[in-house]
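Residue numbers (this note's numbering), protein chains in the order written: chain S, 5 to 440; chain A, 93 to 505.
Here is the structure:
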């Protein structure tokens, strides 16, 4: 578990003894599940008129504040403002009469949090909420933690004391609470309404810090709507990195159900072969998205789509460094220095003539050793292995296994350099050869 | 030309979503299924065939709701039950599901034991080896490959189709009794009816199919193809069980043989395999048993972990998902242990009893599903139509009533 999930023994222990208003301690901890179903009455009446059904909160502050109450009465549900609360205990809630209307809550604890999934943006995990810990102080009710551990489950099933006793008696083990502080909690779509709760600023910042692979893991665990909302809240760059990592089955849904303009931006941001993979899975819907992409990316992706998936042409990467035979070693070194980040550098640089015919390769080591003013044409090595766009990926993988290169050049039937195949594109096929 | 193109486009989209329905339906014919259908045919002849058509209809309705919930929400059935009905309800439902599924695993190992005995292999060897292999397979993550092997082994059911024809059944009686109930209404026949419904629409299937749909990430706009998948699966399953009952009725029932061990049930394949019928039957029963025993413990662990909010999935390490692996292991080995402890004569009754328990839990699960699929906040525009609800509710109520009558009659006797 990450550092945010702290176990706090007995944090929920201070209980209210007397119900007299004066005996009220300054701060009391409540478990939301204990408050549910407790009677609610007006201060001038002895008989309760309903039961506490839900508590609505505002996320304006970093720890949400209760702002409204949902009380189930014999005639249906009454929604009242928190300001009507005179005192709230685990036994009952006493209200003063008010004519104020209840403010609109950002989320409701029972409907949207209890038993539902929330995202812990600090620990980068999806949690199912077993209980909510509330802090009652100066007649304000603050959402402090969510309880996600076994103890919360046991408490709600009313086995807590029994199991705690058994654990202590048999194994000398003290049951612990597992809390996550509300600062790290992002509530997902309330009432199933996508976008109903905006992803908070804190969450957004923290989400950007999470590794794309972990983000993908979070998204995979969420329901369809929540997944889309969270995915839409990511920046285009993060979304592209995350999409690469996510289960291919979910890729097509995320892309096809999002807004097409944004989806196209995300695809442009991805390596073209990955983008082509996503588009291939979309079937007939792909063309619409390609139309939204910028000209260059669209052309690149379409070239890839024209080839079969399991061929070198289908995973072609045109985003690589190539140089002319007439360039000097020094000029290539300079090119390397200012190379954009999305162009990966492999050990070999491909040297072409003015017709883009592949003439040779030069290794980084060779480049460093060469005199700065030497022409590439004179210091390059011959091309050991090259593949055509129609070469099956299985063949490509065999070449990778045999030669140990990180990338292979792809040339067309006229010897014109088209781009490279990265070893990771052939990884699935490569595994077969590595086993031997 | 354009029509052909359209057809190809539809086929391509169908290929994207096909799987969950058909696979679930085929696992459905596991050891418990084969035993129940065989005994139904051997004991009651053609007279219970009428149960199959309405069961098939209910199967389509129930499984369709699952895949619809899966596509619309992207969540498993137990997660939806937890969110809609809270912890308490889900907890007790999961306990019921645990024991019901455990019963099915026991049945599958009983099937493995019975088929091994036909091959002359003592179950003292077959059951522990089978259990350990399955356990190892899931831990090593080669489960998907094995799933395909078992799936191919399902062609075994074709043997029942051929046998059903070769046995020259009394077609006119069979056709009449497929539509009109003529059976006597005794405790035994109620027990059998609940068993047939319970094995055809087993509760684990709803959780399993919904999970598969979620895992497949089927987009909402392609949902209608998913519906075909469900319907195709249900029809295949019904045809298979129709012919198992038919073949058993035309052979065993005619000759007055009652099924006491799996060896008796094998004789239904005599018309197609002659003296090799025992071997053929044992092969089919063994692969069906292993298929069921592979999927049920995984499905059980997944459903429970999802309801309780525990990490799950075979792609997680043991330390990341301890509850998942513990549940999986307990269900698998407890199931094997019970099948090992039972006597030879007990194996077939155990297989049928587990399916009767399925039938008792089924209406409860359908009740929760109907509540969820009628909830606009969960399903949006994809809530059940009025007509759908009327048919499905009647189905659930009838199933529940039959179960209650069955329990009462069993208690009286």
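Ideal Cβ placement from N, Cα and C applies to all residues, glycine included.
For residue i, the nearest candidate out of the options (CA to CA)
i, options, result
"residue 355 (chain S)", "S:190, S:207, S:336 and S:140", "S:336"
"residue 281 (chain S)", "S:134, S:251 and S:394", "S:251"
"residue 383 (chain S)", "S:389, S:369 and S:392", "S:369"
"residue 440 (chain A)", "A:459, A:287, A:187 and A:480", "A:287"
"residue 324 (chain A)", "A:149, A:267 and A:132", "A:149"
"residue 390 (chain A)", "A:319, A:332 and A:296", "A:296"
"residue 476 (chain A)", "A:464, A:487 and A:281", "A:464"
"residue 325 (chain S)", "S:318, S:315, S:316 and S:339", "S:339"
"residue 45 (chain S)", "S:312, S:330, S:102 and S:328", "S:102"
"residue 334 (chain A)", "A:119, A:147, A:99 and A:112", "A:147"
"residue 201 (chain A)", "A:222, A:404 and A:285", "A:222"
"residue 308 (chain S)", "S:314, S:318 and S:300", "S:318"
"residue 93 (chain S)", "S:107, S:63, S:228 and S:142", "S:142"
"residue 284 (chain S)", "S:256, S:315, S:182 and S:388", "S:256"
"residue 111 (chain S)", "S:147, S:130 and S:323", "S:147"
"residue 265 (chain S)", "S:247, S:295 and S:286", "S:295"
"residue 460 (chain S)", "S:48, S:135, S:291 and S:350", "This structure cannot speak to residue 460 (chain S), because chain S is shown only from 5 to 440."
Those residues which DSSP pairs with residue i across a bridge
i, result
"residue 129 (chain S)", "S:124"
"residue 396 (chain S)", "S:315"
"residue 151 (chain S)", "S:135 and S:183"
"residue 199 (chain A)", "According to DSSP, residue 199 (chain A) bridges with nothing at all."
"residue 468 (chain S)", "Absent from the structure is residue 468 (chain S), since the part of chain S shown begins at 5 and ends at 440."
"residue 385 (chain S)", "S:365"
"residue 422 (chain S)", "Answer by DSSP bridge pairing: none, since residue 422 (chain S) is not bridged."
"residue 55 (chain S)", "S:43 and S:76"
"residue 33 (chain S)", "S:139"
"residue 81 (chain S)", "S:76"
Contact set between residue i and chain A, taken where Cβ atoms lie within less than 7 angstroms
i, result
"residue 254 (chain S)", "309"
"residue 402 (chain S)", "Here the premise fails: no neighbours, minimum Cβ distance about 23 angstroms."
"residue 227 (chain S)", "165, 166 and 167"
Local Cβ density within 10 Å of residue i, reported as buried at 16 or more and exposed below that
i, result
"residue 115 (chain A)", "buried"
"residue 368 (chain A)", "exposed"
"residue 125 (chain S)", "buried"
"residue 149 (chain S)", "buried"
"residue 421 (chain S)", "buried"
"residue 385 (chain S)", "exposed"
"residue 365 (chain S)", "buried"
"residue 224 (chain S)", "buried"
"residue 211 (chain A)", "exposed"
"residue 381 (chain A)", "buried"
"residue 376 (chain S)", "exposed"
"residue 12 (chain S)", "Residue placement at residue 12 (chain S) is flagged as unreliable, the pLDDT there being 41, under the threshold of 50; the coordinate-derived value follows with that caveat. Label assigned to residue 12 (chain S): exposed."
"residue 269 (chain A)", "buried"
"residue 65 (chain S)", "exposed"
"residue 404 (chain A)", "buried"
"residue 425 (chain S)", "buried"
"residue 455 (chain A)", "buried"
"residue 118 (chain A)", "buried"
"residue 214 (chain A)", "exposed"
Neighbouring residues, chain A, relative to residue i (Cβ below 8 angstroms)
i, result
"residue 134 (chain S)", "179 and 401"
Per-residue contacts from residue i into chain A (C-beta, under 9 angstroms)
i, result
"residue 447 (chain S)", "Residue numbering for chain S in the displayed model covers 5 to 440; residue 447 (chain S) lies beyond these limits and cannot be assessed."
"residue 231 (chain S)", "166"
Chain S residues whose Cβ lies nearer than 9 angstroms to that of residue i
i, result
"residue 174 (chain A)", "119, 120 and 132"
Within 8 angstroms of chain A by C-beta, residues of the stretch 152-175 of chain S in sequence order:
152, 157, 160 and 161
Against chain A: residues of the stretch 253-284 of chain S by CB proximity under 9 angstroms:
253, 254, 255, 256, 257, 258, 260 and 261
Which residues, in chain order, does the stretch 117-131 of chain S contribute to contact with chain A at a C-beta distance below 7 angstroms?
Listed by position along the chain: 119, 120 and 131.
Report the residues of the stretch 100-114 of chain S with a CB closer than 7 angstroms to any CB of chain A, ordered along the chain.
none
Residues, ordered as in the chain, of the stretch 363-377 of chain A that lie near chain S by beta-carbon distance below 7 angstroms
Cβ contacts with chain S: none found.
Which residues, in chain order, does the stretch 210-222 of chain A contribute to contact with chain S at a C-beta distance below 8 angstroms?
none
Which residues, in chain order, does the stretch 183-205 of chain A contribute to contact with chain S at a C-beta distance below 7 angstroms?
If the cut-off is 7 angstroms between Cβ atoms, the stretch 183-205 of chain A has 183 near chain S.
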